[in-house]
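Trainee: Residue numbers (the numbering used here), protein chains in the order written: chain A, 23 to 378; chain B, 23 to 378; chain C, 23 to 378; chain D, 23 to 378.
One structure coming up, written as structure tokens, with questions to follow.
There are 4 protein chains.
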Amino acid sequence: MTKKKKDIDYKTYLQLPALLAAQKPISAAHDEMLFVIVHQTYELWFKQVLFEVARVQKIFARRTLADADLRIVSEALARVDAVLKHLVRQVDLLETMTPLDFLDFRHVFRSASGFQSMQFRALEISLGLRAEDRVSYDGRAYASYLSEEDRKTVSKLEKGETLFEQVDKWLARTPFVSMGKFDFWKAYGRAVAEMLDADRKTAAADKTLSKAARDMALARLDNMQKQFDALFDGKTHKQSAWRLSHEAVKAALFIMLYRDQPVLQAPFKILSALMDIDETMTLWRFRHAQMVQRMLGMKMGSGGSSGHDYLVETTQKNRIFKDFFALSTFMIPRSGLPQLPPDVQKKMGFRYDGGE
Amino acid sequence: MTKKKKDIDYKTYLQLPALLAAQKPISAAHDEMLFVIVHQTYELWFKQVLFEVARVQKIFARRTLADADLRIVSEALARVDAVLKHLVRQVDLLETMTPLDFLDFRHVFRSASGFQSMQFRALEISLGLRAEDRVSYDGRAYASYLSEEDRKTVSKLEKGETLFEQVDKWLARTPFVSMGKFDFWKAYGRAVAEMLDADRKTAAADKTLSKAARDMALARLDNMQKQFDALFDGKTHKQSAWRLSHEAVKAALFIMLYRDQPVLQAPFKILSALMDIDETMTLWRFRHAQMVQRMLGMKMGSGGSSGHDYLVETTQKNRIFKDFFALSTFMIPRSGLPQLPPDVQKKMGFRYDGGE
Amino acid sequence: MTKKKKDIDYKTYLQLPALLAAQKPISAAHDEMLFVIVHQTYELWFKQVLFEVARVQKIFARRTLADADLRIVSEALARVDAVLKHLVRQVDLLETMTPLDFLDFRHVFRSASGFQSMQFRALEISLGLRAEDRVSYDGRAYASYLSEEDRKTVSKLEKGETLFEQVDKWLARTPFVSMGKFDFWKAYGRAVAEMLDADRKTAAADKTLSKAARDMALARLDNMQKQFDALFDGKTHKQSAWRLSHEAVKAALFIMLYRDQPVLQAPFKILSALMDIDETMTLWRFRHAQMVQRMLGMKMGSGGSSGHDYLVETTQKNRIFKDFFALSTFMIPRSGLPQLPPDVQKKMGFRYDGGE
Amino acid sequence: MTKKKKDIDYKTYLQLPALLAAQKPISAAHDEMLFVIVHQTYELWFKQVLFEVARVQKIFARRTLADADLRIVSEALARVDAVLKHLVRQVDLLETMTPLDFLDFRHVFRSASGFQSMQFRALEISLGLRAEDRVSYDGRAYASYLSEEDRKTVSKLEKGETLFEQVDKWLARTPFVSMGKFDFWKAYGRAVAEMLDADRKTAAADKTLSKAARDMALARLDNMQKQFDALFDGKTHKQSAWRLSHEAVKAALFIMLYRDQPVLQAPFKILSALMDIDETMTLWRFRHAQMVQRMLGMKMGSGGSSGHDYLVETTQKNRIFKDFFALSTFMIPRSGLPQLPPDVQKKMGFRYDGGE
């Protein structure tokens, strides 16, 4: 509004001549245009998503994270999820093409395949997907499908710090899990023990159950106790299935349980957004698997992939923020949660508020 | 599969270097990238939609329309609608930007505006929107916002045959509305008269109604009779509000009422798809109006438009296939429909079938 | 988990025998079942939405609103919006019914109409729709369509405090708009004046413009100054188009401009959610208008309504949180915003943070 | 319109007093209401879906299927799919509840679980899911989770004719696959052989390939030939993985390849709708699996189920119309398809058309 620029028109601003000249179907098959445009819009949106992730990573890379930035982080992540959800729905558009129509131009790309999408790989890596979390395909590393130049780019990305790692460090720094005399881990351990004890007594006294059922209930409670013991034990943590550090697990659980505390509301939003993104990327993989089965039946995917089965497997294995889902296992009902000491609670509030 | 081409990779096939270099935000505002990509994907999808409409128009342009082509027509139109619905949902993505964030770069386009989207104009015109159906904006013709080159293109398009006109002619050729001794218009006129007569008798004899209520009911029936008389009267048709020719109105109503006849199933699909497209384009205008109000409040739109009110008005006036919605007014319950004579019905069936 | 209850099965828990016995189509027309179930699920979701609104209203009714409650308020409002969006999409399901199929059972409800949905009226009123904001229909008050009992209920609701009023009071209490030496209104007035002055100078010096264009630009800036003057002037506020109190307008604008301050992040979420709800209810009205036109053409709606036009009009008039949209008109670019004094900014942060 | 009924109001018509009294949350937890209403609307929509499937089954149960009925069948199936897609999206609403909020009332249903939804079982069975297609859960038959009364109902349903079986028989009756001198199976076998021969020659002559690559390409073609041989061979069909009868496989492939022939357009729509339904039910299972993981982490599902893994497994195994997806494997490009003889093609057209 203040600085005037040279006038520009819509077409020039959006670079439409270049953009609308970039559709080059190879065959004369009508539906190849749809195929091209579906994938081009995917790539444009991947660019947007990477742009948002880069913003978030830049904020997390700062030594200290200003509270004012947390809104930006959670809104950026929410936008990433909104775009990904849009891309999931876009699979429906590709499915307006029938397998027979696909056959009309399937021969044009011999080895070309979505496997070669550099931007999608960059997204996975930036978020934190590790090489070892990937389902291998045809026994080959995913990077072997990329051009040499792209391989260098992903290799560099893989050496950089990922969003997962940044979030892990940020969580591990959360101040309130241990403050003054308050130690969340200990307090929570006691609360869990009390809850399980009470459950054990209830089960043991439950006359409506047969002895076998009672024994099963008690065994289940013992098993839960063991799971919790493992959770609390920092020494065995590294050997466990957790990818998050022990400190980050603790903080994430703390945030989820005490999310209504003013200072935790924004961090809770961020954890929820990361779970949304993980869920939506997984759904994208699944819809993609379904689409491949519909288009190709049991044939090989384009680029030689056995497509459907591979993609279904990735929905279970190629996960990034799975640990946050696992935390639900370790929540106890609100009524049993340890009370926060008043001084801790006060520190979690706003400065303007309270008796200052 | 049979002819082998030179190998090509994903990036080259999709022209990614050109595509992903075409985002040129002018400001340093973070959200300008979203703005660019939202509009670029709109334009890519407009290209797809125009591509489908062109296919349909080419088929309708043939002297005779093969029955085998009707599936292609209705699937292409269904795809147009599916893409447009996707674009309506995409407005949600733009709304992840707040008005304050928009202000950070709103100054970069002085007169640039969606008003200058040549492809959107081409879509409206190809489908059949006439200059006189358009809400005028700032008292200027929409074409005055276009570059000289684009103005020539739309002017040429406006002189060509639109989908609306093609559909009108195609409908007017429908053979079954008058075949042998069967004249749909006359038979339907009799059925309507019978229905209204019966309704009049019922109303007149309804003791539960007050005299005033009875008189109102009778007046309403008289009014319906007049509307139907006007429908049937070919002489006054040209002066009426219908845009469809009289013959086309007749055929469209026939198709809607007897859509289960094998030969009418595909035409019915086509009419339904045209209504879907009209409805979805209207919804697109409305969501766009909402978005403009949210972003700009009561300010002028970018490009100087008063945006919101103009867009709301277009939802009612810039309509193309409105006549097909009006037909619902002239349907009578199935129980009162004239029976088709057996010989007509037989001709509407498949050759393999029946006692031949 | 701790207290054991008598075992219960799925069917009993969900009251399925009663629920699934409550579909009583009157005619033998196949599609009447769809009509019944579409409307029953609408009503079930209205119940849910009312349940969430009641929770929010109960929180706002407290003398002081705990910061811990703001997350609950914004999540409840977000859920309301999510449900309403689901109901908008549900219109698509009703449109799988054709006008001809609707005619098969349209006669069964003579005066019954969605106009009689008590829960929808309760929702409108609880959110804050006033009788005077409503488009009148057939010249009759909406309540005249309700049963006597329902009329009493809505009349009582109309006398109670609505969410709009609660939000207005809550906003008016916002402490930071005037704190110590900082007066947001004055500081903002100065910033606006500076921006407009600079714009005037730029326009006056712009040699690329004709005299006429320059005069128009200057007139536009004068007009903006007048709009802002009216905004700042408490005395004329009551005569203005604003429904929000002057204090609430000020606070809402403050929140929107300084939303990244920790203490304003939750209030900003709440204002955004209210705008989302307003937008989605408006969209619901519009989709409903489209559906009515498709089903009935130009006929009267069921219950005697002229349906379509009435519903389109409600999308512009029956609005509740329109004022928040108007605020976009009064935002200036972030670069021109007054800086918050350090002591004010400090008070808007968390207690744990900073140099304490 | 013609027969007047006693006046009825909206509330009575929709049985709102009963409907809105049927929500009986057990706990005081706020989110239990959402849980109840999500599941009640699921059940209402299941009723609608069963109602549409019953209509379709009644039509298929007739000795001869009128061509006029095919539109009804395909529209009913399309509606089933539209409703199911709505239910998939509805999972998002349940996910507005957090795991911690769920814990507040999870204890109220000890063994109650969606496993006990009689209507969902009825839907699976009516469509054609066989007991042997089901993933077993905890080693128990799904029916063991039902009440005795419900067990009887499903057992009866399982003995009845399912939609899958009806479709199989209907397909097997398709007249055109073998008509006069035309035998689709033989003609197609020849076309496949020609295509594979040409591919073999191309591969053998391809100098750009290494010997190993050439050998692999040839081996792949040999393998395809074997798959096709197995497809054509009626004798081994019963031992194959196909669930469809050999005649039905043949007809379904014929319909998919020659879908533009007027007489095949409606059958093609029906096959496509069945695939849509299969895909959407599978997606429903997957979204349900994701939701369970989010809510429960690695805990047991309500009703004791290990939920997530079980549900993921059902997406691959509990499939009904999978065979139609497998057909894509056996399509060859349109350019290689056998031409239909003119007399067969004529019989597939409409009676009104052509040289009669």
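All C-beta atoms, glycine included, are put in the ideal place defined by N, C-alpha and C.
1. Which class does aspartate 219 of chain D belong to by DSSP, given the choice of helix, strand or coil?
2. For the region 269 to 291 of chain C, list every residue whose C-beta sits within 8 Å of some C-beta in chain A, in sequence order.
3. Taking 7 Å as the CB-CB cut-off, is tyrosine 32 of chain A touching chain B?
4. To which residues of the same chain is histidine 259 of chain A closer than 6 Å at the C-beta, ignoring the five residues directly before and after it?
5. To the nearest whole angstrom, what separates the beta carbons of leucine 125 of chain C and tryptophan 306 of chain C, a pair I think is in contact under 8 Å?
6. Using a C-beta to C-beta distance shorter than 9 Å, which residues of chain A count as neighbours of glutamine 62 of chain B?
7. Look at the alpha carbon of arginine 265 of chain D and the alpha carbon of methionine 278 of chain B, and state the distance between them as a whole number of angstroms.
8. Go ahead and pull the three-state DSSP assignment for serine 133 of chain B.
9. Going by C-alpha to C-alpha distance, which of B:Lys291, B:Glu180, B:Gln312 sits closest to aspartate 300 of chain C?
10. DSSP puts tyrosine 379 of chain B in a beta bridge; with which residues?
11. Mind reading off the beta-carbon distance from valine 366 of chain C to phenylalanine 198 of chain C? Whole number of angstroms is fine, and I expect it under 8 Å.
12. Does the distance from the CB of arginine 309 of chain A to the CB of valine 130 of chain A come in under 7 Å?
13. For phenylalanine 206 of chain B, which residues in the same chain have their Cβ closer than 6 Å to its Cβ, ignoring the five residues on either side in sequence?
14. To which residues of the same chain is aspartate 172 of chain C closer than 7 Å at the C-beta, ignoring the five residues directly before and after it?
15. Rounded to whole angstroms, what's the CA-CA distance from proline 363 of chain A to glutamate 187 of chain C? Just pull it up for me.
16. Tell me, please, whether the CB atom of lysine 369 of chain C is closer than 7 Å to any CB atom in chain A?
17. By how many angstroms is the C-alpha of glutamine 315 of chain C removed from the C-alpha of phenylalanine 347 of chain B?
18. Measure from the alpha carbon of arginine 93 of chain B to the alpha carbon of each residue in D:Tyr280, D:Asn340, D:Thr336, then state which is nearest.
19. What does the Cβ neighbour count give for threonine 120 of chain B, buried or exposed, with the cut at 16 atoms within 10 Å?
20. Is the Cβ-Cβ distance between alanine 165 of chain A and valine 176 of chain A less than 7 Å?
21. Do tyrosine 159 of chain B and tyrosine 332 of chain B come within 7 Å of each other at the CB atom, strictly closer than that value?
22. State the start and end residues of the unbroken alpha helix (DSSP H) segment that holds phenylalanine 308 of chain B.
23. Return the CA-CA distance between glycine 161 of chain D and phenylalanine 142 of chain D, expressed in angstroms with no decimal places.
24. Assuming contact is defined by CB atoms lying nearer than 7 Å, are alanine 13 of chain C and leucine 349 of chain C in contact in what I supplied?
25. Under 7 Å, Cβ to Cβ, is there at least one residue of chain B near phenylalanine 124 of chain A?
26. Establish whether the CB of alanine 90 of chain C and some CB of chain A are separated by less than 7 Å.
27. Any idea what DSSP makes of serine 177 of chain B, helix, strand or coil?
28. Can you find a CB in chain A that lies within less than 7 Å of the CB of glutamate 54 of chain D?
29. Can you find a C-beta in chain C that's less than 7 Å from the C-beta of alanine 163 of chain D?
30. If you reduce the DSSP assignment to three classes, tell me which class aspartate 205 of chain C lands in.
31. When the Cβ atoms of the region 35 to 50 of chain B are set against those of the region 59 to 75 of chain A, are three or more pairs found closer than 8 Å?
32. Given 6 Å as the limit, tell me if leucine 41 of chain A has its C-beta closer than that to any heavy atom belonging to the ligand ADP.
33. Of all the options B:Ile81, B:Arg101, B:Ile48, which has the alpha carbon lying nearest to the alpha carbon of aspartate 29 of chain A?
34. Quick check on serine 232 of chain D: buried or exposed, where buried means 16 or more other Cβ atoms within 10 Å of its Cβ?
35. Kindly list, in the order they appear in chain D, the residues whose Cβ is closer than 8 Å to that of proline 197 of chain B.
36. What number of angstroms, rounded off, separates the C-alpha of lysine 208 of chain D from the C-alpha of glutamine 361 of chain D?
Mentor: In terms of the structure at hand:
1. helix
2. Arg281, Asp282, Gln283, Pro284, Val285, Gln287, Ala288, Phe290
3. yes
4. His268
5. In fact, because the Cβ distance is near 25 Å, the residues do not count as touching under 8 Å.
6. Leu36, Gln37, Leu38, Leu41, Thr63, Leu66
7. 39 Å
8. coil
9. B:Gln312
10. The structure shown does not extend to residue 379 of chain B, since chain B is modelled only from 23 through 378, so no value can be given for it.
11. 6 Å
12. no
13. Val199, Phe276
14. Met140
15. 36 Å
16. yes
17. 7 Å
18. D:Tyr280
19. buried
20. yes
21. yes
22. 284 to 318
23. 20 Å
24. The first residue shown for chain C is 23 and the last is 378, placing residue 13 of chain C beyond what the model contains.
25. no
26. yes
27. helix
28. no
29. no
30. strand
31. yes
32. The ligand ADP is not among the ligands present in this structure, which contains no ligands whatsoever.
33. B:Ile48
34. exposed
35. Tyr374
36. 13 Å
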